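Numbers 43 to 650, taken from my numbering, label the letters of the sequence shown in order.
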Amino acid sequence: MCGIVGYIGSHQAAPVILEGLSKLEYRGYDSAGMAVFNGEKIQIQKSVGRLKVLEELTHGGATMPGTVGIGHTRWATHGAPSDENAHPHYNQEETIAVVHNGIIENYLPLREKLLSKGYQFVSDTDTEVLAHLIDYYYKGNPLEAITKVMHRVQGSYALGIIFSEHPDQIFAVRKDSPLIVGQNENGCFIASDVPAVLKYTRKVYFIENQEVVRLRVDHMHFYTVDEEEIQKEPVTIDWDADAAEKGGYEHFMLKEMYEQPKTVTDTLLPRIKDNDIVIEELGMSDEEINAIRKIFIVACGSAYHAGVTAKYVIEGIARIPVEVDLASEFRYRNPIFEEGTMVVVISQSGETADSLAALRESQKLGHKVLGIVNVVGSSIAREADNVMYTWAGPEIAVATTKAYSAQLIALYLLAMKFGKVRGKLDADAFHSMLKDLKRLPGQIERLLANKQRIQRFANRYIGAKDVFFIGRGIDYAISMEGSLKLKEISYIHSEAYAAGELKHGTISLIEEGTLVAAVATQDALFQKTLSNMVEVKARGAFVLAVTNEGNTEIEKAADYCIYIPRTNPYFANSLAIIPLQLFGYYVAVGKGCDVDKPRNLAKSVTVE
Ligand code: AGP
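#1: Using the beta-carbon count (16 or more within 10 Å), is C131 buried or exposed?
#2: My guess is that L622 and Q485 are in contact by the Cβ rule of under 8 angstroms, so how many angstroms apart are they, rounded?
#3: To the nearest whole angstrom, what separates the beta carbons of A56 and G103, a pair I think is in contact under 8 angstroms?
#4: Determine the burial state of A469: buried for a count of at least 16 other Cβ atoms within 10 Å of its Cβ, exposed for fewer.
#5: Quick one: what does DSSP say G349 is sitting in, helix, strand or coil?
#6: Could you tell me which of L185, C44 and R375 sits nearest to D396, measuring between CA atoms?
#7: With 16 as the cutoff for other CB atoms within 10 Å, does E82 come out buried or exposed?
#8: Leaving out the 5 sequence neighbours to the left and right, which residues in its chain are closer than 6 angstroms to L567 when beta-carbon positions are compared?
#9: Tell me, which residues are paired with V440 by DSSP?
#10: Only counting the same chain, and skipping five residues up and downstream in sequence, which positions put a Cβ closer than 6 angstroms to that of H293?
#11: With distance defined between alpha-carbon atoms, name the residue in V509, H546 and I451 nearest to N610.
#12: Using only the alpha-carbon positions, how far apart do N615 and T589 sit?
#13: Is the CB-CB distance between V387 and L368 below 9 angstroms?
#14: Anyone know if the C-beta pair for G445 and T648 falls short of 9 angstroms?
#15: Determine, using beta-carbon pairs with one atom in the region 600-608 and one in the region 504-511, whether at least three such pairs fall under 8 angstroms.
#16: Would the C-beta of E530 count as close to the ligand AGP, meaning under 8 angstroms from any of its heavy atoms?
#17: How would you call P151, buried or exposed, if buried means at least 16 neighbouring beta carbons within 10 angstroms?
#18: Name the DSSP bridge partner or partners of I204?
#19: Taking the DSSP output, what are the residues bridged to G45?
#20: Using alpha carbons as the reference points, say which of A541, K527 and V509 lies closest to A583.
#21: Measuring only from the beta carbon, is F643 closer than 8 angstroms to any heavy atom that is part of the ligand AGP?
#22: Going by alpha carbons, who is nearest to L172 out of G160, N183, G182 and K190?
#23: Please look up how many angstroms separate the CB atoms of S64 and V90, rounded, as I've assumed it's under 8 angstroms.
#24: For the alpha helix (DSSP H) containing L617, list its first residue and its last residue.
#25: With a 10 Å radius around its C-beta and 16 neighbouring C-beta atoms as the bar for buried, classify V652 as buried or exposed.
#26: Determine, using beta carbons only, whether T109 and M76 come nearer to each other than 9 angstroms.
#27: Grouping DSSP H, G and I as helix and E and B as strand, with all else coil, what is S89?
#28: Output the residue ranges of the beta strand (DSSP E) runs that lie fully inside the region 227-280 and measure 3 residues or longer, sorted by chain position.
#29: For the beta strand (DSSP E) containing V585, name the first residue and the last one.
#30: Just to confirm, is the Cβ distance from I362 to I337 under 9 angstroms?
#31: Just how far apart, CA to CA, sit L624 and G524?
#32: Taking Cβ to Cβ, would you say H142 is nearer than 9 angstroms to D177?
#33: Provide the residue span of the alpha helix (DSSP H) that contains M522, from first to last.
#34: With a threshold of 6 angstroms on Cβ separation, who are the neighbours of N228 within its own chain once the five nearest residues in sequence on each side are excluded?
#35: For Q225, verify whether its CB is less than 8 angstroms away from any heavy atom of the ligand AGP.
#36: State the DSSP-derived secondary structure class of K83, mapped to helix, strand or coil.
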């Protein structure tokens, strides 16, 4: 995600744009920039780093005089964070400037075509292609040029565009990425999201796909991609500014939970081409994949839990031995590397000190590292030999949800790719799994719709002192993440236990009314886990069961059941974790905890 803002009116544009961008930093913050028409030409200023760098560079916008401008705060997708890759991008004559939120999927062939026509590029971004393509079609009529580009570009975009030959106008264009426009007595505004304009107006227009807006100082015109003028009705926003940044959700964590269907889709679909899995960024030939003898997966926290899941999935599908290590342990235990060892480091932030150290340790011993990372251009992403991004967008809440779900998808794809190349996964099984993967976003959506029921159940446990999560196999990995979600935001002690291990001591802690969440998605282990539920119930536990739809037999041992849609057992974590995320969230909300910024924690642990 990125944030775009534009303004045309009677006030200086740069300060308005900076103010708007400051409300959109949650959408991305690795670089920022502005383009303002200063009466003669378009002045452009951009910088890598937080928005504050740009504010200081432009003295709060004072060095960029003018009343027409656009701005951008970036979440890198194509091209690492840098001054050159920051937006706005512009044509060679700097008479057209563009800011963009989204991904241009066919930017490479378009770039080739423009290069063949003599265009030169100064960045690695997909967005720069748009600036030159608009230039290519521009013959004096901005709307005509824009709509021609819209017909030729595939992908998602929310655009702000200014033309130095038309300094009395700004253009806004939308396809898939969010875009709003607004107006008050001092001018007109464009923005990726409501928070950017709330200070100036509460009356906004939500732009639909394939619509173009021409904004002037005191009025706006709306067009279709065929240049037909249309009328639109404004919406009055009654959210407060803080709620608006969260898109109307009470917390970023809830917002990010609800972004999981998109996160899963965005991480999955670009890597499925012609019904096959294509992971270009893997950087491994089939021979190299066949030469793998062992995989170390190294991570911390929830990323580690994704790694534990991956052990079961990769060993089950690809039959490659997998060892999963906490990074803080791995880096000091002098791991044994044999020929054919592959190292995978998983990290949302890409800055976790222990995970980065584990990466460096592995490379020092001569082993290549694959990073599975969310933040583009982060240290782990830059230093890994290859990086597979999880396209979850900026994750603001300290407790990870959408990035964790994206990590699972990346790991499933890796397991299936390896399994297919190594001949362990036949075509029928492969295609059946692909179908199951594609169904996950909709199934997650269904589970999220269940939130009221989970909230009611969670309210019963606001006063809990100890909660246990148990499961076998992948269900044990799910239990680990469910337990962490609860404890890190509600401060209630909780632990995950291999269901079969509980009786070896810890079961002594079960008292009358102790909540035990039993995860039972693995049909092959269902009866075993059922027995463990009976064991804890016999000692007074209140048993919450998370299991597949149809497993109603579980009701003889469970006091409360949450049923999840059926999927391939290897992918069950992606579904079972949803009610557990919601449970932890609503217990924390019920306790009045600071859900997005829990005590003692940081979003990225950059110290040992
Ligand atoms: C997860 O909710 C926690 N915030 C924490 O355990 C986190 O997963 C861990 O610190 C690893 O962070 P990373 O993925 O950015 O490396």
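Ideal Cβ positions, reconstructed from N, Cα and C, are used throughout, including at glycine.
As the structure is a prediction and not an experimental result, all values here were calculated from the model.
Inspection of the coordinates gives the following:
#1: One point to set straight first is that residue 131 is His, not Cys, in the sequence displayed. Answer is buried; the Cβ neighbour count reaches 16.
#2: Not confirmed; about 15 angstroms, so no contact.
#3: 3 angstroms
#4: exposed
#5: Residue state, collapsed to three classes: helix.
#6: R375
#7: In this structure E82 is exposed. Its beta-carbon is surrounded by fewer than 16 other beta-carbon atoms within 10 angstroms.
#8: Here the set comprises R514 and G515.
#9: Looking at the DSSP assignment, V440 forms no beta bridge with any residue, so it has no partner.
#10: The residues are V637 and D638.
#11: I451
#12: 11 angstroms
#13: no
#14: One detail in the question is off: residue 445 reads as Ala in this sequence, not Gly. Cβ atoms of A445 and T648: not closer than 9 angstroms.
#15: no
#16: yes
#17: exposed
#18: A139
#19: T115
#20: V509
#21: According to the sequence as given, residue 643 is Leu; it is not Phe. Yes, Cβ of L643 sits closer than 8 angstroms to a heavy atom of the ligand AGP.
#22: K190
#23: Wrong, their Cβ atoms sit about 17 angstroms apart, outside the cutoff.
#24: N615 to G632
#25: As shown, the chain starts at 43 and ends at 650. That puts residue 652 outside it, with no answer to give.
#26: no
#27: Strand at S89.
#28: With a minimum length of 3 residues, the continuous beta strand (DSSP E) runs that stay inside the region 227-280 are 229-233, 245-248, 253-257 and 262-266.
#29: Note, V585: beta strand (DSSP E), F584 to N590.
#30: The answer is yes: Cβ separation under 9 angstroms.
#31: 10 angstroms
#32: Contact: no.
#33: I516 to S532 is the span of the alpha helix (DSSP H), which, as asked, contains M522.
#34: Cβ neighbours of N228 beyond the five flanking positions: G51, S52 and H53.
#35: Answer for Q225: no, Cβ out of range of the ligand AGP.
#36: coil
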